[in-house]
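Residue numbers (the working numbering): 2 to 207. By construction, the Cβ of each residue, glycine as well, lies at the ideal position given by its N, Cα and C atoms. These notes are about the structure you will find just below.
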């Protein structure tokens with residue numbers, strides 16, 4: 002792809018580093034920004050800079066937040082004895098959109114994936130175990146995607162928690178095998194949360 006401007010080329014190359022954005026899409030986006038008032042581009046730039054510099058991760062659940070403790074964790078009406086374990090912020094958003102879950106979350110920050118060099122020590126697992134050790138947790142819901150990496154992570158977490166007197170469950174397999182939670186429709190995802198099953202039952206299918 003030939004560019005008449007080095008400045009344009011640099012902007013396109015930076016935009017193309019975003020997930021799912023190829024060079025042609027990046028070019029369309031950059032040219033769109035060039036057609037907008039200068040102020041509009043400045044608003045976008047400032048919003049991204051402010052987010053990167055000031056965004057926080059909740060000290061309780063590792064969810065993205067504007068403050069030290071996110072709105073979900075600080076909500077007294079939520080059931081803090083039930084923790085839904087998810088991969089990342091997108092899964093929290095997907096489950097919240099169903100309006101079917103009234104507990105709290107724990108964001109792992111990924112899934113165990115040896116092929117990608119991601120091991121248990123790189124995930125927020127220790128803090129989950131610490132929560133359970135307080136004795137205030139009654140149930141852990143594993144809500145990771147139904148992929149090999151998701152099942153591996155679920156099983157690892159189960160082994161870490163099986164000696165504690167808590168209930169461990171997993172979302173019902175209304176979510177097709179291989180699917181990511183963020184792409185599931187709200188009705189299916191909501192039903193899979195409500196109809197969750199004991200994790201031990203799912204071991205027969207692994």
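Where residue i sits in the DSSP three-state scheme
| i | result |
| --- | --- |
| residue 200 | helix |
| residue 64 | coil |
| residue 178 | Because residue 178 sits at a pLDDT of 39, beneath the cut-off of 50, its placement in the model cannot be relied upon, and the point is left open. |
| residue 108 | strand |
| residue 119 | strand |
| residue 146 | coil |
| residue 193 | helix |
| residue 207 | With a pLDDT of 49 at residue 207, under the threshold of 50, the modelled position of this residue cannot be trusted; read the value that follows with caution. The answer is coil: DSSP assigns residue 207 none of H, G, I, E or B. |
| residue 58 | strand |
| residue 114 | strand |
Candidates the options, of which the one nearest residue i by Cα
| i | options | result |
| --- | --- | --- |
| residue 108 | 100, 63 and 140 | 63 |
| residue 141 | 130, 78 and 148 | 130 |
| residue 5 | 87, 32, 39 and 16 | 32 |
| residue 125 | 150, 89 and 117 | 89 |
| residue 173 | 196, 161, 70 and 139 | 196 |
| residue 79 | 70, 24 and 102 | 102 |
| residue 67 | 61, 57 and 76 | 57 |
| residue 167 | 152, 42, 135 and 154 | 135 |
| residue 30 | 98, 16 and 20 | 16 |
| residue 151 | 133, 132, 137 and 119 | 119 |
| residue 138 | 85, 77, 114 and 43 | 85 |
Alpha helix (DSSP H) segment containing residue i, residue limits
| i | result |
| --- | --- |
| residue 82 | Looking at the DSSP string, residue 82 is not in any alpha helix (DSSP H); the run it does join, the beta strand (DSSP E), is 80 to 87. |
| residue 42 | 39 to 55 |
| residue 137 | It is not in any alpha helix (DSSP H) - residue 137 carries neither H nor E in the DSSP assignment. |
| residue 168 | Where residue 168 is concerned, there is no enclosing alpha helix (DSSP H), although the beta strand (DSSP E) it sits in stretches over 168 to 171. |
| residue 70 | Unbroken run through residue 70: none, as it is neither H nor E. |
| residue 3 | Residue 3 -> no alpha helix (DSSP H), and no H or E assigned at all. |
| residue 11 | 7 to 16 |
| residue 36 | 24 to 36 |
| residue 95 | 90 to 97 |
Status (buried if at least 16 other CB within 10 Å, exposed otherwise) for residue i
| i | result |
| --- | --- |
| residue 193 | buried |
| residue 96 | buried |
| residue 162 | buried |
| residue 200 | buried |
| residue 82 | exposed |
| residue 165 | exposed |
| residue 76 | exposed |
8 Å contact criterion, which residue i and residue j should meet: CB distance rounded
| i | j | result |
| --- | --- | --- |
| residue 112 | residue 145 | 6 Å |
| residue 105 | residue 74 | 6 Å |
| residue 2 | residue 24 | 6 Å |
| residue 99 | residue 190 | 5 Å |
| residue 54 | residue 60 | That pair is no contact at about 18 Å. |
Boundaries (first-last residue) of the beta strand (DSSP E) holding residue i
| i | result |
| --- | --- |
| residue 143 | 140 to 143 |
| residue 130 | Counting along the chain, residue 130 falls outside any beta strand (DSSP E), though it belongs to the alpha helix (DSSP H) covering 127 to 134. |
| residue 153 | No beta strand (DSSP E) holds residue 153; the alpha helix (DSSP H) holding it covers 149 to 162. |
Min CB distance residue i to chain D below 9 Å
| i | result |
| --- | --- |
| residue 138 | Of the protein chains in this structure there is only one, and it is not chain D. |
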